[in-house]
Structure formats: C-alpha cells, structure tokens
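A short write-up of the structure that comes next.
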Amino acid sequence: MSSSSINSSTSCYCGKETPMRISTTDGNPGRKFLGCYRFPAKTCDFFRWVDPPTTPSSIQKKLDYMINRNDELDSKNSALEKKCRGGLDATLELGVFPFVGDILNTVSGLGTITVGVDGVFLFNVFVVVA
C-alpha cells in the first residue's frame, strides 16, 4: 500500500483518527505505521503499515544513498575549509590584520567586527574602545 493511499483521515475501529507513528522495533526500525489512538493499549487492534516492508535490497539502497550523500558533504566541507583557510592565509600575508588596529582607534564605544572570506563566516571580534 502506498503512502499516498493513506491520509490523515484514516480512522481506527474505535472511530478515532489514527496518528502516524514510527516503529522502534529491531525488526522494523524507523518504519511508519498507523495504529489505534490508544496504542499501545490493545483496544481495537487497528494496525496498518504506511511504509513498504524492509528488504535487504531496500536497506542496501538506503545505505548506498547515505554513503553517497556523506561523500558529497565531505567534499563540500573540504572545499569550504580550503577556501576559508586560503583566504585567511592570504589575509595574513597581505598584512590586513595590523590595519584593524588603526580602524579601531577611530571608533569609540563598543562594537563587533565580523571576519569572513568570500561570504563564509569565520569569527566575530568583540571590540571595546576606550
């Protein structure tokens, strides 16, 4: 049964709307189901799976997807780290940070300076100028 054929208006044998729940059993971990609103009390015994059965091939498909997605995120993370590190190194080489002191000397009061590279946030510096 597809999830589209089960909607929020499904009622149990008691006539009450059935909430969607997620299985935490070892045999069906993470699988969605509908049951009597009084669950886990055995009142009307209404029960219906929303998700298709878990099979070795469906588990392998989910695992492959998660591994692939993890690899994609690792690549993006590495690229951002290189971009940030490269920008920070270039900033230090150009000697931009010594000029921050000159800028701060012209400001009075409190302030926060946001330091970033190409729109990627690195850190905030809280400034107190006397």
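Under UniProt numbering, the sequence shown has 28 at position 28, and the numbering climbs by one with no breaks.
Cβ coordinates follow ideal geometry from the N, Cα and C atoms, glycine included.
Original post:
Run through DSSP, which three-state label would Lys-16 get?
Top reply: For the purposes of this step, residue 16 is taken as residue 16 along the sequence shown, with counting starting at 1. Residue state, collapsed to three classes: coil.
Subject >> CB of Gly-30 within 8 Å of CB of Phe-47, strictly >> reply: To locate residue 30, count along the sequence shown from 1; it is residue 30. To locate residue 47, count along the sequence shown from 1; it is residue 47. In this structure, Phe-47 does not lie closer than 8 Å to Gly-30 by Cβ.
Original post:
From Cys-44 to Gly-27, what does the alpha carbon distance come to, in whole angstroms?
Top reply: The residue given as residue 44 occupies position 44 in the sequence shown. The residue given as residue 27 occupies position 27 in the sequence shown. Using only the alpha carbons, I get a separation of about 23 Å.
**OP:** Kindly list the residues whose CB is nearer than 7 Å to the CB of Met-20, restricted to its own chain and excluding five residues on each side of it in sequence; keep chain order.
**Re:** Position 20 of the sequence shown, counted from the first residue, corresponds to residue 20. Taken in chain order, the residues that qualify are Lys-32, Leu-34, Val-50.
Original post:
Among the residues of its own chain, which have a CB less than 8 Å from the CB of Ser-58, if the five just before and after it don't count?
Top reply: For the purposes of this step, residue 58 is taken as residue 58 along the sequence shown, with counting starting at 1. So the qualifying residues of the chain are Pro-52.
Original post:
Which word fits Cys-14, buried or exposed, when buried means at least 16 other C-beta atoms lie within 10 angstroms of its C-beta?
Top reply: What you label residue 14 is simply residue 14 of the sequence shown in a count that begins at 1. With fewer than 16 Cβ atoms within 10 Å of its Cβ, Cys-14 is classed as exposed.
Subject >> Own chain residues within Cβ distance below 7 Å of Ser-11, not counting five before or after >> reply: For the purposes of this step, residue 11 is identified with residue 11 of the sequence shown, where counting begins at 1. If we look at Ser-11 and ignore the five residues flanking it on each side, its Cβ neighbours are Glu-17, Thr-18.
**OP:** Kindly identify the DSSP beta-bridge partner or partners of Gly-35.
**Re:** Locating residue 35 in the sequence shown gives position 35, counting from the first residue. Paired residues: Phe-47.
Original post:
What is the DSSP secondary structure of Asp-26, counted as helix, strand or coil?
Top reply: Counting from one through the sequence shown, the residue named residue 26 turns up at place 26. Three-state DSSP puts Asp-26 in coil, outside helix and strand.
**OP:** Determine the direct distance from the alpha carbon of Thr-24 to that of Glu-81, and round the result to whole angstroms.
**Re:** Reading the sequence shown from its first residue, position 81 is the one you call residue 81. Reading the sequence shown from its first residue, position 24 is the one you call residue 24. So the two alpha carbons sit approximately 37 Å from each other.
Original post:
Helix or strand or just coil, what does DSSP make of Ser-57?
Top reply: The count along the sequence shown starts at 1 and reaches residue 57 at position 57. Helix.
Original post:
From Ile-22 to Arg-85, what distance separates their C-alpha atoms?
Top reply: To locate residue 22, count along the sequence shown from 1; it is residue 22. To locate residue 85, count along the sequence shown from 1; it is residue 85. In a straight line, the C-alpha of Ile-22 is about 43 Å away from that of Arg-85.
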